[in-house]
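Novice: I'd like to ask you about the structure that follows.
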Amino acid sequence: MLTLLYSTWDPSTGIHLGPVTLHYYSLMFIFAFGLGFALMTRIYKIDNVNEKYVEPLFTYTLIGTILGARLGHVIFYQPELFKEDFWSVFLPIRTKPELEFTGFSGLASHGATIALIFTTLYYAFKIIKKNPFWVYDRIGIPVALGGAFVRIGNFFNSEIIGKPAPENSPFAILFPQQSSEYGPIVPRYPTQLFEAGGYFLLFILLWILYRYTNKKYQQGWLFGLFFIILWAVRFFVEYLKEPQGDEFIQFAGLNTGQVLSIPFMIAGFVIMFTSKNRMITEEENSKPE
340 MLTLLYSTWD PSTGIHLGPV TLHYYSLMFI FAFGLGFALM TRIYKIDNVN EKYVEPLFTY
400 TLIGTILGAR LGHVIFYQPE LFKEDFWSVF LPIRTKPELE FTGFSGLASH GATIALIFTT
460 LYYAFKIIKK NPFWVYDRIG IPVALGGAFV RIGNFFNSEI IGKPAPENSP FAILFPQQSS
520 EYGPIVPRYP TQLFEAGGYF LLFILLWILY RYTNKKYQQG WLFGLFFIIL WAVRFFVEYL
580 KEPQGDEFIQ FAGLNTGQVL SIPFMIAGFV IMFTSKNRMI TEEENSKPE
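To convert, take the position in the sequence shown, counting from 1, and add 339; that gives this note's numbering.
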């Protein structure tokens, strides 16, 4: 019997609709992309850019996020899957020890980011025909909000949990449904919520800067800030997280998530510093019409 001295997080797995269960994690992804689509539509309207360009951006973002996040997880944390269960890398199934539908579990934000950079480059040059940083500045806003929803989904799944918390910590939570890979069920930090809170505050900051300052005309400034804060949140929360699979990349006491976050933060500073060379006027901002 679990002690009741701590908060206990033991939710249902999802909404049961007869033989089908709509998992909360999947719902969080739906919310993330649905709100992202609505936000980008609103942003393009504010910028007087034809809203027909939102739909292809949504399509490339969806594909890039899922494929990149899945490949990122396997490459950085579970490379043995390429040999042991190849099809599970690309499809929402497990073939060993038996065929089973699993959904897309095991996703890495670093992989999603890399994939989004390339899909957005294609979109910027071939479809909307704008400087990629113009698109990055705006797509960072819904991505920050989406990241918060994804981490809330992790919280529902009792995954990506924190290290054991001191008994007197106000953040100590028991996760009865935690994976066996985390060891004994003891009070732990809800690191999913720490990250979600950081990403939500980043979303608010970016929205305010976009709406009420002229930084959106300094192409790359908002995106650079997005990179710095997003990956700084990830970097510092990692100190409280349990390892996510095998930590193949470690350096100077830093884990894989922290090491992979550093280049993104450095890139953010460089992009912000050079953004003054990419200023545009309000008229240029609204093209193509």
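We put the beta carbon where it would ideally sit given N, CA and C, even for glycine.
Roughly how many angstroms separate the alpha carbons of N624 and L410, rounded to a whole number?
Specialist: Locating residue 624 in the sequence shown gives position 285, counting from the first residue. Locating residue 410 in the sequence shown gives position 71, counting from the first residue. Rounded to whole angstroms, N624 to L410 spans 35 angstroms at the Cα level.
Novice: Quick check: the Cα distance between T380 and E390, rounded to an integer number of angstroms?
Specialist: Here residue 380 corresponds to residue number 41 of the sequence shown, with the count starting at 1. Here residue 390 corresponds to residue number 51 of the sequence shown, with the count starting at 1. Each residue's Cα considered, the two are about 6 angstroms apart.
Novice: Please report how far the alpha carbon of L564 lies from the alpha carbon of G479, in whole angstroms.
Specialist: Mapped onto the sequence shown, residue 564 falls at position 225. Mapped onto the sequence shown, residue 479 falls at position 140. Their backbone Cα atoms lie some 9 angstroms apart in a straight line.
Novice: Can you list, in chain order, the residues of its chain with a C-beta nearer than 8 angstroms to that of L532? Leave out the 5 residues immediately preceding and following it.
Specialist: The residue you call residue 532 lines up with position 193 of the sequence shown. So the list reads R490, I491, F494, once near-sequence residues are dropped.
Novice: Based on the DSSP secondary-structure assignment, which residues constitute the bridge partners of L513?
Specialist: For the purposes of this step, residue 513 is taken as the residue at position 174 of the sequence shown. L513 is bridged to T347.
Novice: Helix, strand or coil for I500 per DSSP?
Specialist: For the purposes of this step, residue 500 is taken as residue 161 along the sequence shown, with counting starting at 1. Three-state result, I500: coil.
Novice: So the candidates are Q517, R550, L561; which of them puts its Cα closest to the Cα of R617?
Specialist: Against the sequence shown, residue 617 aligns to sequence position 278. Measuring from the Cα of R617, the nearest candidate turns out to be L561.
Novice: Which residues in the same chain as S508 place their Cβ atom closer than 8 angstroms to its Cβ, once the five residues preceding and following it in sequence are excluded?
Specialist: In the sequence shown, residue 508 corresponds to position 169, counting from 1. Taken in chain order, the residues that qualify are P526, Y528.
Novice: Do G450 and G407 have their C-beta atoms within less than 8 angstroms of each other?
Specialist: To locate residue 450, count along the sequence shown from 1; it is residue 111. To locate residue 407, count along the sequence shown from 1; it is residue 68. Yes; because the gap between Cβ atoms is below 8 angstroms, this pair is in contact.
Novice: On the DSSP bridge assignment, give the partners of T360 in chain order.
Specialist: Reading the sequence shown from its first residue, position 21 is the one you call residue 360. DSSP lists H355 as partners of T360.
Novice: What are the start and end residues of each continuous alpha helix (DSSP H) run of 4 or more residues lying completely inside the stretch 365–439, in chain order?
Specialist: Runs of the alpha helix (DSSP H) inside the stretch 365–439: 393–416, 420–423, 426–429.
Novice: Short of 8 angstroms in beta carbon distance, which residues of its chain neighbour F457, apart from the five on each side in sequence? Order them along the chain.
Specialist: As a working note, residue 457 is residue 118 in the sequence shown. Closer than 8 angstroms at Cβ, skipping near neighbours: G403.
Novice: Contact check, I512 vs S346 under 8 angstroms by CB: the rounded distance?
Specialist: As a first step, residue 512 is located in the sequence shown; it is residue number 173 there, counting from the start. As a first step, residue 346 is located in the sequence shown; it is residue number 7 there, counting from the start. The pair is a contact, with the Cβ atoms about 5 angstroms apart (cut-off 8 angstroms).
Novice: Please classify D349: is it buried, with 16 or more other beta-carbons within 10 angstroms of its beta-carbon, or exposed?
Specialist: Locating residue 349 in the sequence shown gives position 10, where the first residue counts as 1. Under this definition D349 is an exposed residue.
Novice: For G353, I'd like the list of residues in its chain whose CB is within less than 7 angstroms of its CB, leaving aside the five on either flank, ordered along the chain.
Specialist: One-based indexing of the sequence shown puts residue 353 at position 14. Once the five neighbours on either side are set aside, the close Cβ partners of G353 are T360, L361, H362, Y363.
Novice: Have a look at L602 and E577 and give me their C-alpha separation to the nearest angstrom.
Specialist: Mapped onto the sequence shown, residue 602 falls at position 263. Mapped onto the sequence shown, residue 577 falls at position 238. Looking at the sequence shown, residue 602 is not Leu but Pro. The alpha-carbon atoms of P602 and E577 are separated by roughly 16 angstroms.
Novice: Suppose the cutoff is 8 angstroms on Cβ atoms and the five residues either side in sequence are ignored; what does the same chain contact list for T342 look like?
Specialist: If you number the sequence shown from 1, residue 342 lands on position 3. Note that T342 has pLDDT 45, beneath the 50 cutoff, so the model's placement of it is unreliable and no number is given.
Novice: Does the distance from the CB of A483 to the CB of L366 come in under 8 angstroms?
Specialist: Along the sequence shown, read from residue 1 onward, the residue named residue 483 stands at position 144. Along the sequence shown, read from residue 1 onward, the residue named residue 366 stands at position 27. Not in contact: A483 and L366 (Cβ atoms no closer than 8 angstroms).
Novice: In whole angstroms, give me the CA-to-CA distance for G607 and P471.
Specialist: Stepping through the sequence shown from its first residue, residue 607 is reached at position 268. Stepping through the sequence shown from its first residue, residue 471 is reached at position 132. Rounded to whole angstroms, G607 to P471 spans 15 angstroms at the Cα level.
Novice: Please report the straight-line C-alpha distance between V609 and E394, rounded to a whole angstrom.
Specialist: Position 270 of the sequence shown holds residue 609. Position 55 of the sequence shown holds residue 394. So the two alpha carbons sit approximately 30 angstroms from each other.
Novice: Thinking M604 and A571 are a contact (beta carbons under 8 angstroms), I'd like their distance in whole angstroms, please.
Specialist: Taking the first residue of the sequence shown as 1, we reach residue 604 at position 265. Taking the first residue of the sequence shown as 1, we reach residue 571 at position 232. Their Cβ separation, rounded to whole angstroms, is 6 angstroms, which keeps M604 and A571 in contact under 8 angstroms.
Novice: Applying the criterion that 16 or more other CB atoms from any shown protein chain within 10 Å of the CB defines a buried residue, is Q583 buried or exposed?
Specialist: Indexing the sequence shown from 1 puts residue 583 at position 244. With 16 or more Cβ atoms within 10 Å of its Cβ, Q583 is classed as buried.
Novice: Could you pull the start and end residues of the alpha helix (DSSP H) that A483 belongs to?
Specialist: The sequence position of residue 483 within the sequence shown is 144, counting from 1. A483 -> alpha helix (DSSP H) spans 471–495.
Novice: Report the rounded CA-to-CA distance for Y462 versus I500, giving the unit in angstroms.
Specialist: Residue numbering aside, residue 462 sits at position 123 when the sequence shown is read from its first letter. Residue numbering aside, residue 500 sits at position 161 when the sequence shown is read from its first letter. The straight-line gap from Cα to Cα measures roughly 36 angstroms.
Novice: Select from Q557, Q589, L593 the residue whose C-alpha is nearest the C-alpha of R477.
Specialist: On the sequence shown, residue 477 is found 138 positions in, with the first residue counted as 1. Nearest C-alpha to R477: Q557.
Novice: Could you check what DSSP says for K465 in three-state terms: helix, strand or coil?
Specialist: Start at 1 with the first residue of the sequence shown, and residue 465 comes out as number 126. Reduced to three states, the DSSP call for K465 is helix.
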